[in-house]
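Sequences listed follow chains A and B, in order.
Number 186 in the working numbering belongs to position 186 of the first sequence; there are no gaps in the numbering.
Number 11 in the working numbering belongs to position 11 of the second sequence; there are no gaps in the numbering.
The C-beta atom is built at its ideal place from N, Cα and C for all residues, glycine as well.
These numbers come from a predicted model, not from an experiment.
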Amino acid sequence: MSPQTKQVLRVGKAQLDLLEELTNANGVSGNEIEIREIIRKKVAPFADEIKVDGMGNLLVIKHAKKPNAIKVMLDAHMDEVGFMIVEEDGDGLYEFEHVGGGDERQFVSKPVSVGSQKLPGVIGSKPIHLASEDEMNAVISQQGMRIDLGPAGKGKAKRGDYAAYATKFIRSGDAIFAKALDNRLGCATLIELLKTAPEHIELLAAFTVQEEIGLRGAKVAAYDFYPQMAIAVDSTPAFDFERPDGNENTEYNCKLGGGPAIYIADRGTLSDPRLIRFLTQVAEENKINYQYRQPGGGGTDAGALHLTRGGIPSVSVSVPGRYAHTAVMLARISDWQDTLNLLQQALAAWTPEILSGDRA
Amino acid sequence: MKTLLKKLTETASPSGYESAIREVIRAEISSLSTNIKVDALGNLIVTMGKKTDNGLRVMIAAHMDEIGVIVSYVEKTGLVRFSNLGTILPQYLAGSRVVFLNGARGVINHDLPDDLHKIMPLNKHFIDVGATSDKDCLLKIGDVGVIDRSFVDLGKRVSAKSMDDRVACAVMIETMKKIKNNPHELVFVFSTQEEVQCKGATTAAYEIEPDLGIALDVTPSLDILGIKMQVDLGKGPAIKVRDMGMLSDPRVVSWMESTAKKNKIAYQLEVLDVGTTDAKVMQISKAGLPSGALSIPCRYVHSPSEVVDMDDVQATVNLLSALLNNPISL
Numbered sequence: 001m002s003p004q005t006k007q008v009l010r011v012g013k014a015q016l017d018l019l020e021e022l023t024n025a026n027g028v029s030g031n032e033i034e035i036r037e038i039i040r041k042k043v044a045p046f047a048d049e050i051k052v053d054g055m056g057n058l059l060v061i062k063h064a065k066k067p068n069a070i071k072v073m074l075d076a077h078m079d080e081v082g083f084m085i086v087e088e089d090g091d092g093l094y095e096f097e098h099v100g101g102g103d104e105r106q107f108v109s110k111p112v113s114v115g116s117q118k119l120p121g122v123i124g125s126k127p128i129h130l131a132s133e134d135e136m137n138a139v140i141s142q143q144g145m146r147i148d149l150g151p152a153g154k155g156k157a158k159r160g161d162y163a164a165y166a167t168k169f170i171r172s173g174d175a176i177f178a179k180a181l182d183n184r185l186g187c188a189t190l191i192e193l194l195k196t197a198p199e200h201i202e203l204l205a206a207f208t209v210q211e212e213i214g215l216r217g218a219k220v221a222a223y224d225f226y227p228q229m230a231i232a233v234d235s236t237p238a239f240d241f242e243r244p245d246g247n248e249n250t251e252y253n254c255k256l257g258g259g260p261a262i263y264i265a266d267r268g269t270l271s272d273p274r275l276i277r278f279l280t281q282v283a284e285e286n287k288i289n290y291q292y293r294q295p296g297g298g299g300t301d302a303g304a305l306h307l308t309r310g311g312i313p314s315v316s317v318s319v320p321g322r323y324a325h326t327a328v329m330l331a332r333i334s335d336w337q338d339t340l341n342l343l344q345q346a347l348a349a350w351t352p353e354i355l356s357g358d359r360a
Numbered sequence: 001m002k003t004l005l006k007k008l009t010e011t012a013s014p015s016g017y018e019s020a021i022r023e024v025i026r027a028e029i030s031s032l033s034t035n036i037k038v039d040a041l042g043n044l045i046v047t048m049g050k051k052t053d054n055g056l057r058v059m060i061a062a063h064m065d066e067i068g069v070i071v072s073y074v075e076k077t078g079l080v081r082f083s084n085l086g087t088i089l090p091q092y093l094a095g096s097r098v099v100f101l102n103g104a105r106g107v108i109n110h111d112l113p114d115d116l117h118k119i120m121p122l123n124k125h126f127i128d129v130g131a132t133s134d135k136d137c138l139l140k141i142g143d144v145g146v147i148d149r150s151f152v153d154l155g156k157r158v159s160a161k162s163m164d165d166r167v168a169c170a171v172m173i174e175t176m177k178k179i180k181n182n183p184h185e186l187v188f189v190f191s192t193q194e195e196v197q198c199k200g201a202t203t204a205a206y207e208i209e210p211d212l213g214i215a216l217d218v219t220p221s222l223d224i225l226g227i228k229m230q231v232d233l234g235k236g237p238a239i240k241v242r243d244m245g246m247l248s249d250p251r252v253v254s255w256m257e258s259t260a261k262k263n264k265i266a267y268q269l270e271v272l273d274v275g276t277t278d279a280k281v282m283q284i285s286k287a288g289l290p291s292g293a294l295s296i297p298c299r300y301v302h303s304p305s306e307v308v309d310m311d312d313v314q315a316t317v318n319l320l321s322a323l324l325n326n327p328i329s330l
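Given below as structure tokens:
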């Protein structure tokens with residue numbers, strides 16, 4: 001196929017509207033109902049089969065148009081980090097715990113939305129006026145904060161209710177500011193790829209639950225699908241600042257504007273080298289901007305996917321994003337578009353021969 | 001056996017990148033079985049014999065991966081920053097040499113320390129491949145390598161990198177040559193990615209569905225320090241009772257002990273406070289199975305110069321052969 005005839009995906013108004021709807025919706029780990037129902041409606045026109053499994057994963061199949069097609073699984077987790085109400089202190093003040101890899105240093109003073117009624121609230125603590133010198137130099141502990149719903153919230157929330165950040169989506173030039181870009185970017189990517197699924201592969205899309213608390217949904221989704229290969233699509237942190245001491249930043253993980261981040265190694269997975277090579281080749285042949293995520297810590301659903309049953313060759317591809325696991329993340333439209341195109345071209349170019357040789 | 005051990009330990013194959021060692025091992029064992037497979041995670045799976053009425057399907061695993069390094073950044077100066085594949089111990093790094101799978105060689109050192117007596121963390125170390133800048137550096141993000149250290153014959157004892165777990169691969173190969181007329185289906189797995197949480201054995205055990213699982217690995221010997229509960233070099237294979245990931249099935253322990261006694265093979269019991277082996281994931285595969293492990297005592301585990309005793313190595317072959325060549329009744 002010549003480059004001219006290849007379908008190039010653009011992130012336009014429709015895609016940004018989709019991402020806005022997905023990021024404004026709530027879906028803290030363990031409570032993915034709202035986000036799942038939105039995604040279900042989005043994929044319904046393109047899907048051949050849709051089901052929700054026992055854990056709450058949304059499993060979507062787009063059948064191949066020919067027999068004995070290779071089964072390819074795309075995975076994106078739907079859940080986001082957030083909070084859970086533990087105890088009411090009276091007067092609309094609630095003690096809470098965080099859910100997923102929350103960062104205590106930045107909880108304070110963030111607007112939140114509580115429960116299925118989406119009660120508006122804020123995470124509050126002692127203001128600067130009253131803080132001692134010691135307190136000024138320490139991280140405010142979660143025990144010292146409350147979710148404050150105001151007097152109207154008195155008795156409205158109860159133990160076990162979930163709370164999510166209340167940040168609304170903003171687009172500014174090439175930048176997107178939103179909560180939960182980790183991993184609604186991945187969800188939006190899968191939705192777009194389902195629309196353009198190539199005919200020669202059996203496309204198995206899993207919108208998974210509970211990734212942020214230990215890749216729990218992906219484990220059972222992969223067991224059910226048991227594909228011949230799997231790609232986890234996620235968002236990975238970029239810490240691509242200049243260093244204050246002027247030295248080279250050698251630990252940035254990935255860079256905004258660098259294109260999709262292909263994983264080689266993280267804490268949970270050593271990506272299949274055949275898939276790393278394949279994605280690299282697709283990116284280069286199609287002149288798609290890409291980068292390798294720096295090997296190191298962190299992890300994606302691939303950590304669960306590749307260990308399923310007799311093993312599944314797996315790799316992760318992430319859209320870079322700054323300020324992961326906070327109330328506001330920042331990502332670039334161009335990186336997302338490059339990610340979409342890399343994956344679209346990879347699916348189109350997929351052949352079983354890619355995995356016919358031994359893994360390196 | 002020393003020749004085989006030299007060949008195995010001088011092969012560079014870190015976790016996730018085991019093709020070189022797989023081919024070395026495949027050449028050693030290809031005449032021993034017609035049923036040789038490589039699975040999705042790269043495990044080399046060699047089946048010998050058929051399960052008879054008084055036999056079991058036994059999975060025996062020795063991991064063929066070794067700890068290694070992976071490039072995370074190339075500085076403008078040409079110095080290379082790296083991350084770990086498996087548990088790399090920073091105290092052994094400065095002055096070590098590394099060899100990459102793409103052929104590049106380099107030396108490791110670290111940034112200027114604030115305190116000479118403190119061990120520098122991994123991310124303060126770099127690899128110098130002789131480049132003058134990032135432009136002429138032979139490495140890029142994601143390139144993998146291992147410690148560059150040749151095998152040395154110290155007589156009764158030998159030293160090399162990656163004795164963990166190539167010495168067990170050698171034991172398994174030698175044992176496979178001694179298998180004859182046994183009633184079991186023996187599935188020998190040269191497993192991958194053990195150093196990053198026993199991944200190869202996880203998927204291999206799922207597919208194999210063994211009745212019994214045995215891991216072969218090294219166990220740290222600190223006999224020079226005389227620390228209690230540690231096995232000694234030269235006192236025979238260690239029969240694992242527990243480690244941090246597994247409690248051996250007591251029936252497997254007593255089967256191993258009685259077989260050793262019957263065959264007059266000296267052995268030790270191992271109660272380990274660090275680490276685990278492939279037996280951990282075999283034990284809890286699917287509906288679970290009786291599992292245990294034989295360990296070869298090894299000094300300076302995860303250093304560039306691990307040391308084992310050849311008498312222990314031979315005795316482990318003898319014990320494993322005795323275990324597998326006879327009916328097993330737990």
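- Going by DSSP, Asn318/B is part of the alpha helix (DSSP H) stretching over Met310 to Leu324.
- For a Cβ distance threshold of 7 Å, residue set Gly310, Gly311, Ile312 and Pro313 of chain A lies close to Ala40/B, ordered along the chain.
- At a Cβ-Cβ threshold of 8 Å, Val233/A and Leu74/A count as neighbours.
- Under DSSP, no beta-bridge partner is assigned to Thr202/B.
- When DSSP reads this structure, Cys298/B sits in a beta bridge with Pro220/B.
- The DSSP-derived three-state label of Asn181/B is coil.
- Judged by DSSP secondary structure, Val144/B falls outside any alpha helix (DSSP H) and instead within the beta strand (DSSP E) spanning Val144 to Ile147.
- Uninterrupted alpha helix (DSSP H) stretches at least 4 residues long and entirely within the stretch 33–60 of chain A occur at 33–43, given in chain order.
- Around Ile60/B, the same chain offers Phe188 and Ile214 as residues with beta carbons nearer than 6 Å, after the five sequence neighbours per side are excluded.
- Scanning chain A for C-beta atoms nearer than 9 Å to the C-beta of Leu85/B yields Ala265, Leu270 and Pro295, reported in chain order.
- Listed in chain order, the non-local C-beta contacts of Thr308/A below 8 Å within the same chain comprise Lys219, Ala222, Tyr223 and Tyr226, local neighbours out to five positions each way being set aside.
- Nearest to Asp174/A by C-alpha distance, out of Leu16/A, Asn341/A, Thr351/A and Gln344/A, is Leu16/A.
- At least one CB of chain B lies nearer than 8 Å to the CB of Ala360/A.
- With respect to Thr196/A, Gln337/A sits apart: the two C-beta atoms are not nearer than 8 Å.
- Within the same chain, Tyr92 come within 6 Å of Ser303/B by CB-CB distance, once the 5 residues on both sides are set aside.
- Taken in chain order, the unbroken stretches of beta strand (DSSP E) that lie wholly in the stretch 192–243 of chain A and span 3 residues or more are 201–208 and 229–237.
- DSSP links Phe82/B through a beta bridge to Val71/B.
- Note on geometry: alpha-carbon atoms of Ala238/B and Val71/B lie some 36 Å from one another.
- Met172/B carries a helical assignment under DSSP once its states are collapsed to helix, strand and coil.
- Here DSSP, grouped into helix, strand and coil, assigns His129/A to helix.
- Pairing Ala205/B with Thr189/A, the inter-Cα distance amounts to about 35 Å.
- For a cut-off of 8 Å, the C-beta gap from Phe207/A to Ala348/A is around 22 Å, too long to register as a contact.
- DSSP places Gln230/B in no alpha helix (DSSP H); its state is neither H nor E.
- The beta carbon of Gly30/A sits closer than 8 Å to the beta carbons of Asp79, Val99, Tyr162, Val209, Gln210 and Ile213 from its chain, once the five residues preceding and following it are set aside; these are given in chain order.
- Along the stretch 47–75 of chain B, the positions whose C-beta sits under 8 Å from a C-beta of chain A are Ile70, Val71, Ser72, Tyr73 and Glu75, read in chain order.
- Going by DSSP, Lys262/B is part of the alpha helix (DSSP H) stretching over Pro250 to Lys262.
- Here Ala94/B carries a coil assignment [DSSP, helix/strand/coil].
- Ranking Gly101/A, Gly155/A, Ala346/A and Ala131/A by CA distance to the CA of Ile288/A puts Ala346/A first.
- Interface annotation for the stretch 190–215 of chain B against chain A: Gln193, Val196, Lys199, Thr202, Thr203, Tyr206 and Glu207, criterion Cβ-Cβ distance under 7 Å.
- Within chain A, no residue has its beta carbon less than 8 Å from that of Ile147/B; the closest one is some 17 Å off.
- Taking the Cα positions, Tyr323/A is about 28 Å away from Gly150/A.
- Across the structure, Val60/A and Pro183/B are spaced so that their CA atoms are roughly 47 Å apart.
- Within the stretch 290–326 of chain A, the complete alpha helix (DSSP H) segments at least 4 residues long are 302–305, listed from N- to C-terminus.
- The stretch 37–51 of chain B makes no contact with the stretch 126–142 of chain B: fewer than 3 CB pairs, one atom from each, lie closer than 8 Å.
- Distances from the CA of Val43/A to each of Arg243/A, Leu203/A, Pro273/A and Ile170/A were compared; the closest alpha carbon is that of Leu203/A.
- For Met282/B, no beta strand (DSSP E) run applies; the uninterrupted alpha helix (DSSP H) run containing it begins and ends at Ala279 to Gln283, by DSSP.
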